[in-house]
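Novice: In the numbering used here, the protein residues as written are 785 to 1073. Let me begin by handing over the structure; questions about it come next.
Below, the structure written as C-alpha coordinates:
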(Lines of atoms letter the chains of each structure in order from A and count residues from 1; the text may use other names and numbers.)
(Lines give C-alpha, C1' and ligand atoms only; values in the text may rest on other atoms or scores of the structure.)
Protein backbone atom coordinates (compact mmCIF):
# COMPACT_ATOMS: atom_id res chain seq x y z
CA UNK A 1 0.00 0.00 0.00
CA UNK A 2 1.50 3.37 -1.00
CA UNK A 3 2.68 5.85 1.60
CA UNK A 4 0.30 8.56 0.37
CA UNK A 5 -2.69 6.23 0.64
CA UNK A 6 -1.73 5.04 4.14
CA UNK A 7 -1.25 8.63 5.30
CA UNK A 8 -4.59 9.68 3.83
CA UNK A 9 -6.40 6.76 5.48
CA UNK A 10 -4.78 7.59 8.81
CA UNK A 11 -5.85 11.23 8.72
CA UNK A 12 -9.38 10.19 7.76
CA UNK A 13 -9.39 7.75 10.69
CA UNK A 14 -8.31 10.48 13.12
CA UNK A 15 -10.96 12.86 11.78
CA UNK A 16 -13.55 10.08 11.92
CA UNK A 17 -13.05 9.88 15.69
CA UNK A 18 -14.58 13.35 15.95
CA UNK A 19 -17.39 12.61 13.51
CA UNK A 20 -18.26 9.31 15.20
CA UNK A 21 -18.17 10.91 18.63
CA UNK A 22 -20.45 13.74 17.60
CA UNK A 23 -22.76 11.37 15.74
CA UNK A 24 -23.18 9.14 18.79
CA UNK A 25 -23.11 11.61 21.68
CA UNK A 26 -24.36 14.87 20.21
CA UNK A 27 -27.06 13.57 17.90
CA UNK A 28 -30.12 15.87 17.70
CA UNK A 29 -32.91 14.79 20.02
CA UNK A 30 -32.00 11.74 22.04
CA UNK A 31 -28.28 10.86 21.88
CA UNK A 32 -27.41 7.32 20.92
CA UNK A 33 -25.14 6.85 23.96
CA UNK A 34 -24.03 8.85 26.98
CA UNK A 35 -20.45 10.20 27.15
CA UNK A 36 -19.26 7.93 29.97
CA UNK A 37 -20.49 4.77 28.25
CA UNK A 38 -19.01 5.93 24.94
CA UNK A 39 -15.63 6.41 26.62
CA UNK A 40 -15.80 2.96 28.20
CA UNK A 41 -16.71 1.15 24.98
CA UNK A 42 -14.11 3.09 23.01
CA UNK A 43 -11.25 2.33 25.42
CA UNK A 44 -12.17 -1.33 25.85
CA UNK A 45 -12.57 -1.97 22.13
CA UNK A 46 -9.38 -0.04 21.38
CA UNK A 47 -7.47 -2.12 23.93
CA UNK A 48 -8.83 -5.34 22.44
CA UNK A 49 -7.88 -4.39 18.88
CA UNK A 50 -4.41 -3.18 19.80
CA UNK A 51 -3.64 -6.26 21.91
CA UNK A 52 -4.69 -8.42 18.95
CA UNK A 53 -2.32 -6.46 16.71
CA UNK A 54 0.49 -6.90 19.22
CA UNK A 55 -0.20 -10.63 19.48
CA UNK A 56 -0.30 -10.93 15.69
CA UNK A 57 3.13 -9.35 15.34
CA UNK A 58 4.71 -11.05 18.36
CA UNK A 59 7.33 -12.89 16.32
CA UNK A 60 8.66 -9.63 14.91
CA UNK A 61 8.75 -7.80 18.24
CA UNK A 62 11.76 -7.45 20.46
CA UNK A 63 11.81 -7.42 24.22
CA UNK A 64 9.13 -7.07 26.84
CA UNK A 65 10.85 -4.60 29.15
CA UNK A 66 8.82 -1.92 31.00
CA UNK A 67 9.63 0.82 28.48
CA UNK A 68 7.95 -1.30 25.81
CA UNK A 69 4.75 -1.52 27.85
CA UNK A 70 3.83 2.09 28.51
CA UNK A 71 3.15 3.47 31.97
CA UNK A 72 0.33 4.24 34.36
CA UNK A 73 0.93 7.96 33.83
CA UNK A 74 0.43 7.57 30.09
CA UNK A 75 -2.62 5.38 30.66
CA UNK A 76 -4.20 8.02 32.89
CA UNK A 77 -3.49 10.74 30.32
CA UNK A 78 -5.11 8.53 27.67
CA UNK A 79 -8.15 8.01 29.91
CA UNK A 80 -8.51 11.77 30.54
CA UNK A 81 -8.19 12.46 26.80
CA UNK A 82 -10.88 9.93 25.84
CA UNK A 83 -13.30 10.87 28.62
CA UNK A 84 -13.03 14.65 28.19
CA UNK A 85 -13.29 14.15 24.42
CA UNK A 86 -16.62 12.34 24.87
CA UNK A 87 -18.15 14.86 27.26
CA UNK A 88 -17.07 17.78 25.06
CA UNK A 89 -18.91 16.39 22.04
CA UNK A 90 -22.23 16.74 23.81
CA UNK A 91 -22.18 20.37 22.67
CA UNK A 92 -19.41 20.84 20.08
CA UNK A 93 -19.58 20.37 16.31
CA UNK A 94 -17.24 17.72 14.91
CA UNK A 95 -14.83 20.07 13.13
CA UNK A 96 -14.78 22.68 15.88
CA UNK A 97 -14.01 20.02 18.48
CA UNK A 98 -11.18 18.64 16.34
CA UNK A 99 -9.75 22.14 15.88
CA UNK A 100 -9.76 22.88 19.63
CA UNK A 101 -8.29 19.44 20.34
CA UNK A 102 -5.53 19.87 17.77
CA UNK A 103 -4.67 23.41 18.89
CA UNK A 104 -4.32 22.35 22.53
CA UNK A 105 -2.24 19.27 21.65
CA UNK A 106 0.20 21.45 19.73
CA UNK A 107 0.20 24.15 22.43
CA UNK A 108 1.04 21.54 25.07
CA UNK A 109 3.92 20.09 23.08
CA UNK A 110 5.28 23.52 22.11
CA UNK A 111 4.95 24.72 25.70
CA UNK A 112 6.95 21.73 26.89
CA UNK A 113 9.69 22.51 24.36
CA UNK A 114 9.87 26.08 25.70
CA UNK A 115 10.12 24.76 29.26
CA UNK A 116 12.97 22.50 28.18
CA UNK A 117 14.91 25.50 26.93
CA UNK A 118 13.95 25.74 23.26
CA UNK A 119 14.25 29.29 21.92
CA UNK A 120 11.99 29.92 18.91
CA UNK A 121 13.02 32.22 16.10
CA UNK A 122 11.09 35.38 15.18
CA UNK A 123 9.25 33.47 12.44
CA UNK A 124 8.28 30.72 14.86
CA UNK A 125 6.98 33.27 17.37
CA UNK A 126 4.99 34.96 14.60
CA UNK A 127 3.33 31.66 13.71
CA UNK A 128 2.66 30.77 17.34
CA UNK A 129 1.22 34.18 18.24
CA UNK A 130 -1.00 34.11 15.14
CA UNK A 131 -2.29 30.64 16.01
CA UNK A 132 -2.86 31.52 19.68
CA UNK A 133 -4.60 34.79 18.86
CA UNK A 134 -6.91 33.03 16.40
CA UNK A 135 -7.70 30.38 18.99
CA UNK A 136 -8.61 33.02 21.58
CA UNK A 137 -10.84 34.70 19.00
CA UNK A 138 -12.49 31.38 18.17
CA UNK A 139 -13.51 30.63 21.76
CA UNK A 140 -14.21 34.22 22.87
CA UNK A 141 -17.84 35.14 23.68
CA UNK A 142 -20.10 36.00 20.79
CA UNK A 143 -22.96 34.68 18.70
CA UNK A 144 -20.71 32.20 16.92
CA UNK A 145 -18.66 31.18 19.95
CA UNK A 146 -18.73 27.50 21.05
CA UNK A 147 -20.23 26.40 24.35
CA UNK A 148 -17.59 27.55 26.88
CA UNK A 149 -17.78 24.47 29.12
CA UNK A 150 -17.59 22.10 26.15
CA UNK A 151 -14.68 24.06 24.68
CA UNK A 152 -12.83 23.95 28.02
CA UNK A 153 -13.47 20.23 28.31
CA UNK A 154 -12.07 19.63 24.83
CA UNK A 155 -9.07 21.76 25.74
CA UNK A 156 -8.45 19.43 28.70
CA UNK A 157 -8.69 16.51 26.27
CA UNK A 158 -6.11 18.13 23.98
CA UNK A 159 -3.72 18.85 26.85
CA UNK A 160 -4.03 15.23 28.03
CA UNK A 161 -3.32 13.92 24.52
CA UNK A 162 -0.35 16.27 24.27
CA UNK A 163 1.04 14.85 27.52
CA UNK A 164 0.42 11.33 26.26
CA UNK A 165 2.25 12.13 23.04
CA UNK A 166 5.21 13.62 24.92
CA UNK A 167 5.43 10.59 27.19
CA UNK A 168 5.38 8.14 24.31
CA UNK A 169 7.39 9.85 21.58
CA UNK A 170 10.62 8.04 22.50
CA UNK A 171 9.06 4.63 23.01
CA UNK A 172 11.12 1.86 21.37
CA UNK A 173 7.90 0.03 20.50
CA UNK A 174 5.02 2.54 20.23
CA UNK A 175 2.41 -0.01 19.14
CA UNK A 176 3.03 -2.31 22.09
CA UNK A 177 3.22 0.65 24.49
CA UNK A 178 -0.07 2.06 23.18
CA UNK A 179 -1.77 -1.34 23.45
CA UNK A 180 -0.75 -1.66 27.09
CA UNK A 181 -1.68 1.94 27.82
CA UNK A 182 -5.16 1.33 26.38
CA UNK A 183 -5.43 -1.81 28.49
CA UNK A 184 -4.33 -0.01 31.65
CA UNK A 185 -6.67 2.91 30.96
CA UNK A 186 -9.67 0.62 31.39
CA UNK A 187 -8.84 0.40 35.11
CA UNK A 188 -9.84 4.06 35.46
CA UNK A 189 -13.31 3.25 34.16
CA UNK A 190 -14.21 1.96 37.63
CA UNK A 191 -13.80 5.33 39.39
CA UNK A 192 -15.54 6.96 36.42
CA UNK A 193 -18.49 4.64 37.00
CA UNK A 194 -18.53 5.55 40.71
CA UNK A 195 -18.51 9.26 39.85
CA UNK A 196 -21.36 8.78 37.39
CA UNK A 197 -23.35 6.89 40.03
CA UNK A 198 -22.63 9.44 42.76
CA UNK A 199 -23.61 12.40 40.59
CA UNK A 200 -26.61 10.62 39.05
CA UNK A 201 -25.45 11.38 35.52
CA UNK A 202 -27.82 9.76 33.03
CA UNK A 203 -26.74 6.53 31.35
CA UNK A 204 -28.19 5.75 27.96
CA UNK A 205 -26.89 3.11 25.58
CA UNK A 206 -28.37 2.00 22.28
CA UNK A 207 -27.01 -0.66 19.96
CA UNK A 208 -26.17 2.01 17.38
CA UNK A 209 -24.35 4.13 19.95
CA UNK A 210 -22.32 1.17 21.22
CA UNK A 211 -21.44 0.24 17.62
CA UNK A 212 -20.19 3.76 16.86
CA UNK A 213 -18.09 3.74 20.04
CA UNK A 214 -16.66 0.34 19.16
CA UNK A 215 -15.81 1.54 15.64
CA UNK A 216 -14.05 4.55 17.12
CA UNK A 217 -12.09 2.40 19.56
CA UNK A 218 -11.19 -0.59 17.41
CA UNK A 219 -10.98 0.89 13.90
CA UNK A 220 -10.36 4.65 13.83
CA UNK A 221 -8.32 4.60 17.07
CA UNK A 222 -6.77 1.11 17.24
CA UNK A 223 -6.06 0.52 13.57
CA UNK A 224 -5.58 4.26 13.01
CA UNK A 225 -2.75 4.42 15.55
CA UNK A 226 -1.16 1.28 14.10
CA UNK A 227 -1.13 2.90 10.64
CA UNK A 228 0.17 6.16 12.08
CA UNK A 229 3.23 4.50 13.60
CA UNK A 230 4.00 2.95 10.23
CA UNK A 231 3.65 6.34 8.54
CA UNK A 232 5.79 8.19 11.08
CA UNK A 233 8.73 5.88 10.54
CA UNK A 234 8.78 6.95 6.89
CA UNK A 235 7.87 10.64 6.95
CA UNK A 236 9.39 11.81 10.25
CA UNK A 237 8.00 13.92 13.07
CA UNK A 238 7.99 17.34 11.37
CA UNK A 239 6.12 16.25 8.27
CA UNK A 240 3.87 14.16 10.51
CA UNK A 241 2.92 17.28 12.47
CA UNK A 242 2.20 19.16 9.24
CA UNK A 243 0.08 16.31 7.88
CA UNK A 244 -2.07 16.34 11.02
CA UNK A 245 -3.14 19.89 10.13
CA UNK A 246 -5.59 18.26 7.75
CA UNK A 247 -7.49 16.46 10.52
CA UNK A 248 -9.69 19.39 11.69
CA UNK A 249 -10.46 20.25 8.06
CA UNK A 250 -11.50 16.66 7.25
CA UNK A 251 -13.55 16.48 10.46
CA UNK A 252 -15.31 19.75 9.62
CA UNK A 253 -16.10 18.50 6.12
CA UNK A 254 -17.42 15.24 7.58
CA UNK A 255 -19.59 17.15 10.03
CA UNK A 256 -21.05 19.31 7.27
CA UNK A 257 -21.76 16.36 4.95
CA UNK A 258 -22.83 13.68 7.45
CA UNK A 259 -24.24 15.71 10.35
CA UNK A 260 -25.54 18.81 8.56
CA UNK A 261 -23.33 21.06 10.70
CA UNK A 262 -22.77 24.69 9.75
CA UNK A 263 -19.50 26.07 8.37
CA UNK A 264 -19.36 29.58 9.86
CA UNK A 265 -17.10 32.39 8.69
CA UNK A 266 -15.60 32.61 12.19
CA UNK A 267 -14.69 28.92 12.15
CA UNK A 268 -13.31 29.12 8.61
CA UNK A 269 -11.07 32.15 9.29
CA UNK A 270 -9.87 30.92 12.68
CA UNK A 271 -9.10 27.50 11.20
CA UNK A 272 -6.93 29.04 8.49
CA UNK A 273 -5.10 31.24 11.01
CA UNK A 274 -4.58 28.50 13.61
CA UNK A 275 -3.48 25.82 11.20
CA UNK A 276 -1.43 28.24 9.12
CA UNK A 277 0.28 29.70 12.18
CA UNK A 278 1.21 26.27 13.51
CA UNK A 279 2.47 25.20 10.06
CA UNK A 280 4.71 28.28 9.83
CA UNK A 281 6.11 27.60 13.31
CA UNK A 282 6.80 23.91 12.58
CA UNK A 283 8.49 24.64 9.26
CA UNK A 284 10.58 27.45 10.77
CA UNK A 285 11.73 25.17 13.58
CA UNK A 286 12.65 22.47 11.09
CA UNK A 287 14.73 25.02 9.15
CA UNK A 288 16.42 26.17 12.36
CA UNK A 289 17.23 22.57 13.30
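For each residue, glycine too, the CB sits at the ideal point set by N, CA and C.
1. Does residue 1069 pass the burial test, meaning 16 or more other C-beta atoms within 10 Å, or should it be called exposed?
2. Thinking just about the alpha-carbon of each residue, which of 995, 820, 1034, 1031 is nearest to the one in residue 865?
3. Do residue 915 and residue 1057 have their C-beta atoms within less than 8 Å of each other?
4. Please list, in chain order, all residues of the same chain as residue 1013 whose beta carbon is under 7 Å from its beta carbon, the five residues on each side excluded.
5. For residue 1028 and residue 886, which I take to be in contact (beta-carbon distance under 8 Å), what is that distance rounded to the nearest angstrom?
6. Where does the unbroken alpha helix (DSSP H) through residue 964 begin, and where does it stop?
7. Quick check on this structure: which residue in 873, 905, 910 has the alpha carbon closest to the alpha carbon of residue 931?
8. Do you know how far the Cα of residue 1072 is from the Cα of residue 973?
9. Who are residue 989's beta bridge partners in DSSP?
10. Taking residue 988 as the reference, give the member of 789, 822, 786, 787 with the closest Cα.
Specialist: Let me lay it out:
1. Looking up residue 1069 in the chain shown gives position 285. Classification for residue 1069: buried.
2. Sequence index remark: in the chain shown, residue 865 carries index 81 (1-based). Distances from the CA of residue 865 to each of 995, 820, 1034, 1031 were compared; the closest alpha carbon is that of 820.
3. Translated into the one-based positions of the chain shown, residue 915 becomes position 131. Translated into the one-based positions of the chain shown, residue 1057 becomes position 273. Yes, they are a contact pair.
4. Sequence index remark: in the chain shown, residue 1013 carries index 229 (1-based). When the five nearest sequence neighbours on each side are left out, the beta carbons in the same chain lying within less than 7 Å of the beta carbon of residue 1013 are those of 958, 959, in order along the chain.
5. Mapped onto the chain shown, residue 1028 falls at position 244. Mapped onto the chain shown, residue 886 falls at position 102. Taking the Cβ atoms as the reference, residue 1028 lies roughly 7 Å from residue 886, within the contact range of under 8 Å.
6. Start at 1 with the first residue of the chain shown, and residue 964 comes out as number 180. Where residue 964 is concerned, the enclosing alpha helix (DSSP H) stretches over 958-969.
7. On the chain shown, position 147 is the one that residue 931 refers to. The option with the nearest alpha carbon to residue 931 is 873.
8. As a position in the chain shown, residue 973 is number 189, starting the count at 1. As a position in the chain shown, residue 1072 is number 288, starting the count at 1. Straight-line Cα distance between these residues: approximately 43 Å.
9. As a working mapping, residue 989 is identified with position 205 in the chain shown. In the DSSP output, where bridge partners are listed per residue, residue 989 has 817.
10. Here residue 988 corresponds to residue number 204 of the chain shown, with the count starting at 1. That would be 822, whose Cα lies nearest to the Cα of residue 988.
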